[in-house]
Amino acid sequence: MASNGLGLLQLPPRDTASPGPLSPGISSSSGQSGRGTNPISSKVTSVLSTSYADSEFREALALLDERGISNSAETRRQLRLDVQKEVIESNGQIIGEFGRVADQLRRIGATLEKLNRNYQEMKSHVTASHEATNATIEEASSLMTQKKNVETKQQLLKAFREHFVLADDEIASLTLTSEPIGDQFFTVLAKAKRIRKDCEILLGFENQTLGLEIMDQTSKNLNQAFQKLYRWIQKEFKTLNLENPQIHSSVRRALRVLAERPSLFQSCLDFFAEAREQILSDSFYLALTGTSASGVKDHSVKPIELAAHDPLRYVGDMLAWAHSATVSEREALEVLFVSDGNEIAKGMQEGRENELWRLMADEGDEGPPEFDAVKALNELVNRDVSGAARILRQRIEQVIQANEETILAYKLANLLGFYKFTFSRLLGGDKADSVLLQSMTSLESEALRQFRSLMRDHIATLQGEFQHTPADLGPPDFLQEALKQLSAIMQTYDTSLASSMPKPTPKREGEESDSDSNSDGPDDDGGGGSDDGDDDDEFQPILAESFDPFLAGCENMSRRISPPSHSIFFLNCLLAARSTLRPYAHFTSRRLARLSVAADEHTTKLAASQYAFLVSESALSPLFAALRPLCADDVAAVPALAPLRPEALVAAAQGLDDFLPSAVMDALENLKHLQDARLAREVTEEAAERFCADFEHVEELLVLADELREQGGGEGGDGDGEGDEDQPSLRALFPRTTGEVRVLLS
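See the structure below:
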């Protein structure tokens, strides 16, 4: 509290009777005179001169205010004493506290002295003990170092044995045939392969004895392991159920590992192919006869031979069984081989690289090709079904040779072609390595040969019918029958295209529909825009055998009859043929185009014949013949022509008037045997249009001749004018106009 400035106030005791410094009883002059000698006055002056802005003074006042002292005379007199009392009490408390601190420091000093003495005693004891055990510690340290070295060597030896040495139970699992092949076998086999590979590190040391011994022993164990695995796979293949996925996983893993020995792997594949070939052959025989190869009857199987009375169904059932068996075999073998094709390829590559003769080969030798899983699968499936394919070929050959029906022969050929295409997509396109594809190709060719032979025999029996033209000039019976057969053949071929070969494109179908919209026109080629060379080329041999000979016979028959009947007859044949081919324009477009060209040619002949009929029956033939070569410049010579004489011109006009009312009906009567009524009308209209064009030319020349005569009469004066005026004009003698003729012939 003294620090707050209150202790610095040295106020002497004040007499209550004496006046204060500002007492009115003291004048200012007396105060000023006694300022130098009165200490109270000096003190008061000092107090009054204190600035209220002084921080210490303000803190003293704040402290005094906090004490809550009432401002009274007693309080003012006792304030100094009270403050000094508090200061003294505070100093006493501080001194008491420092006394206790001093006592504690003395106790701490005593404790430190005691600890120092104890430390010195312990230090002396430790020094003595250290000197006594120094030799023992050095010996123990040496032993610990040796122990650590031994432990390190033990760990190294243990790691070496674990990494480079197979345990006895592992060797037994790897080499003994009594031990099953499972996860442990493959684990140990992988370890042995890793040991052999890591022995290359040991061979890099100066002393190679250990590495050579370990590698030799490991190689022996590996060879025995692969032999064990090879025999186990052969055993599994004998009883392998391709429908059991559980077996697939173990066999698949074994094959993947055995691929590192290409020779053993190929031997396994050969063994498997032989086993599957026998199994599938027996299965096919069972499906055919309902009896197993051992002669046991299986009543759950409906024999395919029950349908032998229907050759197409019989062959179809056999081919369907072969296809189903091939698909099932391929799917099963895909799971067995292709799913791990990359691993098998890697294993075979690794095995080839490790073979001794491969290591000794010239560096430029590329060696065997890489393993192609898909190709290997196709080859394996081909070998598996080869036995069944041979039986299938024998049965189908018997059916083909026994068949005497033309349509059935083609249906068989088409069915075989369809399955040939299906099998080629399923087994790959290499026919040289596939017994099944070779069989399909050979059987298809044989069926087509049988079809051609039967068709030629049928044509030979019809030679007599090629001599007699029908009275109605319609297509002969042999052509209609041939077109029915051809329609059935084309329907079969079209079905095979739609189901197996996606050749008809949307564009071709649209073009075919366009051609159908104009199918009845004489200029329609029937093929639209579907000129697909592949389809046409494939079907051309069939058309050459089943269509061309009959159409050629009809053409020869047409040459023996007089025109226009020969054109009508052959047009009827062409139209019937074209209507048969048009629905299949996407593979007969070229032949349709040829038929359209021939039809156009005979249509032109009919139009010419109809024109000749109109000219001759209208009695205008002399008039047309005389005026056709002339033009407007030759009009002066027209009146002098014989057909232009009045009596001849009147006769021609009368003949024309008699002809025109029934001209169209008479002309259509000439084409009554043409089976396309619209074509007959179009031909007649074309002839009538040509007739009208010639008649218009005649009319123009007659008008010009009359105009020329009128001009000549006016210029000639009175000499001969009267005689010319009495002679009627050419138009008066021949009054018919082109418009009238065109109306009557429309």
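The sequence shown: position 334 = 332 (my numbering), numbered continuously.
Virtual Cβ for every residue (Gly too), placed ideally from N, Cα, C.
Determine, for Glu303, whether the minimum Cβ-Cβ distance to residues of chain C falls below 8 Å. The displayed structure is made up of one protein chain only, and chain C is not part of it.
Please confirm whether Leu460 and Ser544 have their CB atoms less than 8 Å apart. no
Backbone secondary structure at Lys300 - three-state DSSP: coil
Three-state secondary structure (DSSP) of Thr43: helix
CA-to-CA distance, Leu278 to Val383, given in whole angstroms: 7 Å
So, do the stretch 403 to 414 and the stretch 478 to 494 have three or more beta carbon pairs nearer to each other than 8 Å? yes
Tell me the rounded alpha-carbon separation between Tyr609 and Ala678. 13 Å
For Gly314, I'd like the list of residues in its chain whose CB is within less than 7 Å of its CB, leaving aside the five on either flank, ordered along the chain. Leu413
Backbone secondary structure at Lys195 - three-state DSSP: helix
Please name the residue or residues paired with Thr289 in a DSSP beta bridge. Lys295
Give the secondary structure of Lys670 by DSSP, where H, G and I count as helix, E and B as strand, and everything else as coil. coil
May I have a chain-ordered list of the alpha helix (DSSP H) segments no shorter than 4 residues that lie completely inside the stretch 529 to 585? 531 to 544, 546 to 557 and 563 to 579
Going straight from the alpha carbon of Leu79 to that of Thr109, what length do you get? 45 Å
May I have the straight-line CA-CA distance separating Glu442 from Ala411, to the nearest angstrom? 5 Å
For the alpha helix (DSSP H) holding Asp655, just list the boundary residues, first then last. Pro644 to Phe657
If I measure Cβ to Cβ from Ser27 and keep anything under 8 Å in the same chain, skipping five residues before and after, which residues do I get? Legend: pLDDT at Ser27 = 42, less than 50; position of this residue unreliable, no value from coordinates given.
Exposed or buried, Leu590, counting other C-beta atoms within 10 Å across all chains shown (16 or more means buried)? buried
May I have a chain-ordered list of the alpha helix (DSSP H) segments no shorter than 4 residues that lie completely inside the stretch 42 to 95? 53 to 64
In the structure shown, what three-state DSSP assignment does Ser322 receive? helix
Using the Cβ count rule (16 or more neighbours within 10 Å means buried), how would you classify Leu155? exposed
Own chain residues within Cβ distance below 7 Å of Pro301, not counting five before or after: Leu286, Thr287 and Gly288
Which of helix, strand or coil does DSSP assign to Cys629? coil
Round the Cβ separation of Ala165 and Leu187 to the nearest angstrom and send it over; I've been treating them as touching at under 8 Å. Actually they do not touch by this definition, with Cβ atoms about 14 Å apart.
Pull up the CB-CB distance for Phe162 and Ile193, whole angstroms please, since I reckon it's below 8 Å. 5 Å
Taking its Cβ as the centre, do 16 or more other Cβ atoms sit within 10 Å of Pro37, making it buried, or is it exposed? exposed
Please determine if the stretch 664 to 680 and the stretch 561 to 579 are in contact, where contact requires at least 3 C-beta pairs separated by less than 8 Å. yes
My assumption, with CB atoms under 8 Å, is that Leu728 sits in contact with Leu642. Please give the rounded CB distance. 7 Å
Taking the straight line between their C-alpha atoms, what separation do you get for Thr173 and Arg274? 29 Å
Whole angstroms are fine: how far does the CA of Asp664 sit from the CA of Ala746? Residue 746 is absent from the structure shown; the chain starts at -1 and stops at 744.
Alpha helix (DSSP H) segment containing Thr420, residue limits: Thr404 to Leu425
Residue range of the alpha helix (DSSP H) that Gly385 falls in? Ala371 to Ala400
Delimiting residues of the alpha helix (DSSP H) encompassing Gln215: Thr207 to Lys236
Alpha-carbon spacing of Phe568 relative to Thr601, whole angstroms: 10 Å
From the DSSP output, in three-state form, read off Leu113 for me. helix
Candidates Arg393, Phe263 and Asp656, of which the one nearest Ala320 by Cα: Arg393
If you measure from the CB of Asp101, is any heavy atom of the ligand ZN nearer than 7 Å? With respect to the ligand ZN, the structure shown offers nothing to examine, as it has no ligands at all.
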